[in-house]
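All remarks here apply to the structure that follows.
Numbering (this note's numbering), first residue to last: 964 to 1371.
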């Protein structure tokens, strides 16, 4: 089975982790701060706070921005549930903004319309969480302008987008978002096994997130309520969590970071090759903004369905299952969050966000990872041609492969 995503672990990665295993520290040592400094420098941000998952990063980002009971967080329905759950963890009300059918990211037009209605009703959000789906940056300049006009804060969920750029600057530089979150899950661009990071240019936000990730405990005398009792002394000054990243994870991440640009470049080569191999099929891919340079975490195709919901006589599910049966580990990113049972119980229903729901009916994520071989990519393309076109119209695989190689 060709997976849709797979980590790439090298001898250098193994040696980096082994060095930590031989060191005095498995947690709370020097590797995490070094990794944080490297990520902050790469993203062009002043501060980075590494944690055990991007979900944890989203949670402490919300808390650092003061999200709580009575507040509102808005995000996109086409994302993993964590982008919305982080608001519920804080006791806030969560709502969604429909996607742009072309880019499949949060629609600035839909956001403005919803904000104008909310202003009239006195229900403006405190935080908006745009998500860089597939690694494609959102229209962050427009969202930043809306934040200024309507008074909300921005957490950019760039879980897919480490290594991406927007308007010539790294995603995470802080020009548009108050806090940006990256994920290092094994299927992401680089991995720490599990892990995430929040980057920001605001020292106070970084300090608060660092406190929250470790039980709300401080050893900083300036933050304590009374003089120190001795060198052992610490105080828990608020309710925090155990969201720390281990030294092992940080060492792996720092080693992987050295190859991040090469990984993204390889993904672009493979994506251009897919574009050529699939040309002529009844599929589309999400558009990318001209201001953006995607990290291409995912290569998503959308089936062009007829009015009966079929393509070449097959339903979306039939195409998906046939690809799996052919040894191709396709996936679907994502089920619209508002259609999950927990969110339906909160009052959401089918029809609330039609562009997101249409995306769900059509989308399939094809295998894409740095170590994907061209022969495997040919296998994916040939399976799609077999499924989606009559055999008499299929160009020879060899001819398409040559064209794809020449265009890459």
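Even for Gly, the Cβ is constructed at its ideal location relative to N, Cα and C.
In this text, all values refer to a predicted model and were calculated from it rather than measured experimentally.
#1: Would you call the CB atoms of residue 1037 and residue 1088 closer than 7 angstroms?
#2: Taking residue 973 as part of the alpha helix (DSSP H), name the residues at either end of that continuous run.
#3: DSSP three-state label for residue 1069, please.
#4: Can you say whether residue 1365 is buried or exposed, counting buried as having 16 or more other CB atoms within 10 angstroms of its CB?
#5: Taking residue 1192 as the reference, which of 1243, 1067, 1182 has the closest Cα?
#6: Between residue 1121 and residue 1143, which are expected to be in contact by the criterion C-beta below 8 angstroms, what is the C-beta distance as a whole number of angstroms?
#7: To the nearest angstrom, report how far apart residue 1198 and residue 1180 are at their CA atoms.
#8: Out of curiosity, what's the CA-to-CA distance linking residue 1330 and residue 1278?
#9: In three-state terms, what does DSSP make of residue 1247?
#10: Is there contact here, the segment 964-982 with the segment 1202-1222, by at least three beta-carbon pairs under 8 angstroms?
#11: Thinking C-beta only, is residue 1094 closer than 7 angstroms to residue 1117?
#12: Would you tell me roughly how many angstroms separate the C-alpha atoms of residue 1361 and residue 1347, rounded to the nearest one?
#13: Could you check how far apart the C-beta atoms of residue 1176 and residue 1203 are, in whole angstroms? I think they sit under 8 angstroms.
#14: Measuring only the C-alpha atoms, how far is residue 1161 from residue 1011?
#15: Output the residue ranges of the alpha helix (DSSP H) runs that lie fully inside the segment 1258-1290 and measure 4 residues or longer, sorted by chain position.
#16: Please state whether DSSP places residue 966 in a helix, a strand or coil.
#17: Return helix, strand or coil for residue 1348, following the three-state DSSP convention.
#18: Let me know the secondary structure DSSP gives residue 981 once reduced to three states.
#19: Ordered along the chain, which non-local residues of its own chain (more than five positions away) have a Cβ less than 6 angstroms from that of residue 1171?
#20: Looking at C-alpha atoms only, which residue of 1133, 1057, 1115 is the closest neighbour of residue 1310?
#21: Please classify residue 1023 as buried or exposed, where buried requires at least 16 other C-beta atoms within 10 Å of its C-beta.
#22: In the structure shown, what three-state DSSP assignment does residue 1308 receive?
#23: Tell me the residue span of the beta strand (DSSP E) that contains residue 1059.
#24: Using the beta-carbon count (16 or more within 10 Å), is residue 977 buried or exposed?
#25: Could you check the C-alpha separation between residue 1267 and residue 1322 for me, to the nearest Å?
#26: Considering Cα atoms alone, identify which of 1291, 1293, 1320 is closest to residue 1303.
#27: Hey, residue 980 and residue 1211: beta-carbon distance below 7 angstroms or not?
#28: So residue 1130 and residue 1008 are supposed to be a Cβ contact under 8 angstroms. How far apart are they, rounded?
#29: Indicate the three-state DSSP secondary structure (helix, strand or coil) for residue 1231 in the structure shown.
#30: Would residue 1216 pass as a contact of residue 1155 if the rule is Cβ separation under 7 angstroms?
#31: Helix, strand or coil for residue 1219? Go by DSSP, reduced to three states.
#32: What does the alpha-carbon distance come out to for the pair residue 1341 and residue 1295?
#33: Count the other CB atoms, across all protein chains shown, that sit within 10 Å of the CB of residue 1086; report buried if there are 16 or more and exposed otherwise.
#34: To test your reading of the DSSP string, which unbroken alpha helix (DSSP H) runs of 4 or more residues are found completely within the segment 1075-1140?
#35: Would you identify the three-state DSSP class for residue 1016, choosing helix, strand or coil?
#36: Could you tell me the distance, in whole angstroms, from the CA atom of residue 1261 to the CA atom of residue 1276?
With the given structure in hand:
#1: yes
#2: Where residue 973 is concerned, there is no enclosing alpha helix (DSSP H), because DSSP gives it neither an H nor an E.
#3: strand
#4: Note that residue 1365 scores a pLDDT of 48, beneath 50, so its modelled location is shaky and nothing firm can be said.
#5: 1182
#6: 5 angstroms
#7: 5 angstroms
#8: The straight-line gap from Cα to Cα measures roughly 20 angstroms.
#9: strand
#10: Result yes; three or more Cβ-Cβ pairs closer than 8 angstroms.
#11: no
#12: Low local confidence applies: a pLDDT of 47 at residue 1361 is under 50, so the model's placement there is unreliable, and no value is given.
#13: 7 angstroms
#14: 6 angstroms
#15: 1279-1288
#16: strand
#17: Residue 1348 falls in the helix class under three-state DSSP.
#18: helix
#19: 1027
#20: Looking at the Cα atoms, 1057 is the closest of the given residues.
#21: buried
#22: coil
#23: 1056-1059
#24: exposed
#25: 11 angstroms
#26: Of 1291, 1293, 1320, the residue nearest in Cα terms is 1320.
#27: yes
#28: Between residue 1008 and residue 1130 the Cβ distance is about 15 angstroms, and since that is not below 8 angstroms, they are no contact.
#29: Helix at residue 1231.
#30: Yes. Within cutoff.
#31: helix
#32: If you take the alpha carbons of residue 1341 and residue 1295, they lie about 20 angstroms apart.
#33: So residue 1086 ends up on the exposed side.
#34: 1103-1113
#35: coil
#36: 26 angstroms
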